[in-house]
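Number of protein chains: 2
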Amino acid sequence: MDATLSSGVVRAGRQAREQFHDARGYGDPDGDGVRLAPVEAAHLLYRGDLDAVDGMGFREFLASATCPDLHFLVYKDLRDRGFYLSPTGADWVADHGIADLVVYPRGKGPWDDEVAYRVRVVSERATVPASDLGDVVLAVVDEESEITYLETDRPDVSGSTDYDAPDDVPGSLLDDRVLLWDPPAALYEHGFYGQPLDRDGETVEALQLSLVEAAFLVRHGALALGTDGDDESAVLERGRTVEGDRFDRRLRVYTALREAGVVPKTGYKFGADFRTYADVESVSELSHSELLVRVVPDDHEFAPRDLALDVRLAGGVRKRMVFALAGADGTIDWLSAERLTP
Amino acid sequence: MDATLSSGVVRAGRQAREQFHDARGYGDPDGDGVRLAPVEAAHLLYRGDLDAVDGMGFREFLASATCPDLHFLVYKDLRDRGFYLSPTGADWVADHGIADLVVYPRGKGPWDDEVAYRVRVVSERATVPASDLGDVVLAVVDEESEITYLETDRPDVSGSTDYDAPDDVPGSLLDDRVLLWDPPAALYEHGFYGQPLDRDGETVEALQLSLVEAAFLVRHGALALGTDGDDESAVLERGRTVEGDRFDRRLRVYTALREAGVVPKTGYKFGADFRTYADVESVSELSHSELLVRVVPDDHEFAPRDLALDVRLAGGVRKRMVFALAGADGTIDWLSAERLTP
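Protein chains in written order, with UniProt numbering: chain F, 1 to 342; chain R, 1 to 342.
In structure tokens, the structure reads:
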């Protein structure tokens, strides 16, 4: 069966309409015939269902650049997995924002009104702005043409931890931590602030606070450092010295998490900024942390390679990967990403 | 028991020498007495073995900045693990390059001639130049004062894969891959070049090469693209367009690995440049890949946070993390890092 190409649309006759559209969800009715997007035609050529488009076989059609090869690879993969799908670039497909492919639930097609996934196709070398993510599945094609699907979402991040630190606990500001001598036991045990200097002892004689914990506590009047000037300025200055701009972004996210009832602790071992506990009643009965949080500016451009690394690592330790998108105006938006097998 | 501090050296008398040096490996004999480095004195103060140094107790001594708090934390941790160790900053300790602490094997001490680990103490926020690594253990102290030990080495990277590609296999250069139609079966099956377009079929009808594979093959006369000009230039240009300078560095490392009998494939899913197979006889009997390779310039400064992430991810998939340090002069040095529990 042959077809013709004109202005980026492939057209074929009544038999093609019956076999390709009516029976298998390709293209859109066009009078008696059918119109097909280039990626659909490429797939039909690849399968041998179409013989030629304007005399071009599959090899010539793919090499002609009418159809981007990345789109073809993802289209083919999703068809192989049993889905019907439409490229959003076609005139007859509704707008789906930044998605390139709209995938229907298994057993459904373009004539139904249901969508399983909106898929954006990207090379592993491309970058994707944070603002594009949250309601789309990224299909990342690596340099050897393997495809990884990453589902993005805008989750609610909240918890039920409820602890108020006491006022003016005394502490000493060291190089890049704060030491509390004889702190109130609940500060660590119920608030999960700091790390005991000696974990073997039965009572906590000295508690080490990170600078971000110290900055949060000092701002809430819970910590008194007895510095020469203003305690808050002293901690912020030390934080900015060791971390630069990142310190303020991390402190904003730390604060937002604490205010949402979630306890953030360092995520260093996982390459993240924080790991979080949604419900701390007591450190001695702590469950596993649920989220890994990485703080990025809200205009961050994600490299799919780094995104895949974060998601893989989080999956390996059974945590959810969440990005805190910190706006210059103080807002924080949450963005999650996880591996998807369509 | 009291001691005095002068010019960065703590001195105490005969009883201190017997109890601290002779019995437990602190400091160095000094006439009848003993001299101690500040970090050793801090540890003795912390344990209550020393009462004061120039009137300072542990809190005052640590806050006086005589002893860096990071060094104290690592010194204490290694003592807690049952090791005797010496700070290299002390006059009486031999030079150990960039190491801060020299750790003796369990049961041995400064009076023996054996070394278990040379340890460099770093904050997670510091950076460490690649040239400093390879014969040292990094003790990375995170913001909450937890310590991760990373052992670095200069491994030999070689394998026994032996396959010569045939000459002038024809292919088409697409957007960022090369497609081979009807390639010789051995190219994939024994050479492990490329990725079949369709993995279900029994024969490989089309093979997708990454640009770095294509550049290597075209340079060795194994690939003919029939481009308008010079095939090699065409692939290199495409590679530099999509990856910039990284492409040339990655191609150099790819070439070095192939020439050493090791097969590199993309490491994208692991956030690395390559995963490698040391001994490919046949793809259908492939064992797991052994190394994850990340390519960096040889003047790269490692962030301990990123290093820990790479090492953790490699460990999670039972592979060894190796960095290829690519010099501007074409040399490649191999650097490995792995988690250590002293």
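Built from N, CA and C at the ideal position, the CB exists for glycine as well.
Between the beta-carbon of A42 (chain R) and that of L62 (chain R) there is about 6 Å, and that keeps the pair under the 8 Å contact cut.
With a contact defined as Cβ atoms closer than 8 Å, G244 (chain R) and A308 (chain F) miss out at about 20 Å. Around L179 (chain R), the same chain offers G171, S172, A206, Q208 as residues with beta carbons nearer than 7 Å, after the five sequence neighbours per side are excluded. T4 (chain F) and V34 (chain F) have their C-alpha atoms spaced approximately 11 Å apart. Contacts with chain R at 8 Å (Cβ-Cβ) include F270 (chain F). Taking D77 (chain F) as reference, the option from F:A139, F:S123, F:L133, F:D95 with the minimal CA-CA separation is F:A139. Annotation: Cβ neighbours of Q208 (chain R) in chain F (cutoff 8 Å, chain order): E144, S145.
D306 (chain R) has a beta carbon lying within less than 8 Å of a beta carbon in chain F.
When DSSP states are grouped into helix, strand and coil, Y193 (chain R) belongs to the coil group.
By the rule that beta-carbons nearer than 8 Å mark a contact, V242 (chain R) touches chain F. By the CB criterion at 8 Å, R305 (chain F) and F323 (chain F) fall outside the cutoff.
Neighbourhood of T266 (chain F) in chain R, by CB distance below 9 Å: E124, D142, E143, E144, E146, in chain order.
Three or more Cβ pairs closer than 8 Å define a contact, and the stretch 283 to 290 of chain F falls short of that threshold against the stretch 233 to 242 of chain F. Comparing alpha-carbon positions, the option among R:P264, R:V311, R:V103, R:S210 lying closest to R81 (chain R) turns out to be R:V103. For T276 (chain F), the CB contacts under 7 Å within the same chain, skipping 5 residues up- and downstream, are L257, V262, V263, P264, S289, E290, L291, V293 in chain order.
Counting only residues of its own chain and dropping the five nearest sequence neighbours on each side, E114 (chain R) has a CB closer than 7 Å to the CB of Y104, P105, K108. Judged by DSSP in its simplified three-state form, R11 (chain F) adopts strand. For R125 (chain F), the three-state secondary structure derived from DSSP is coil.
Between D231 (chain F) and A224 (chain F), the CB-CB gap stays under 8 Å. Closest by C-alpha distance to G25 (chain R), out of R:A126, R:P87, R:S64, is R:P87. By the criterion of a C-beta distance shorter than 6 Å, L251 (chain R) is surrounded in its chain by V212, A215, once the five residues flanking it on both sides are discounted. Between M1 (chain R) and L73 (chain R), the beta carbon gap of about 24 Å keeps them out of contact (Cβ cut-off 8 Å). Taking 7 Å as the Cβ-Cβ cut-off, the stretch 147 to 172 of chain F approaches chain R at T148, S172, given in chain order.
Secondary structure of G33 (chain F) (DSSP, three-state): strand. Contact between F192 (chain R) and V280 (chain R) holds, with the beta-carbon distance rounding to 5 Å and staying under 8 Å.
In terms of beta-carbon proximity, P297 (chain F) stays away from the interface with chain R, with every pair separated by 8 Å or more. For the C-beta of G316 (chain R), the chain F residues within less than 9 Å are, from N- to C-terminus, R312, L313, G316, V317.
For D135 (chain R), none of the residues of chain F pass the 9 Å Cβ criterion, the least Cβ distance being about 24 Å. Around the beta carbon of G330 (chain F), a 10 Å sphere encloses fewer than 16 other beta carbons of the protein chains shown; the residue is thus reported as exposed. Boundaries of the beta strand (DSSP E) around T152 (chain F): 147 to 153. Inter-residue distance for I98 (chain F) and A234 (chain F) is about 45 Å (C-alpha atoms, whole angstroms). Residue environment analysis places P183 (chain F) among the buried positions, since at least 16 neighbouring C-beta atoms fall within 10 angstroms of its C-beta. At a C-beta separation below 7 Å, D132 (chain R) has no neighbours in chain F, since its nearest C-beta there lies roughly 20 Å away. For chain F, the residues of the stretch 73 to 101 of chain R that bring a beta carbon within less than 9 Å of one of its beta carbons are L73, K76, D80, in chain order. Contacts with chain F at 8 Å (Cβ-Cβ) do not include Q19 (chain R).
When the Cα atoms are used, V136 (chain R) and Y46 (chain R) turn out to be separated by approximately 27 Å.
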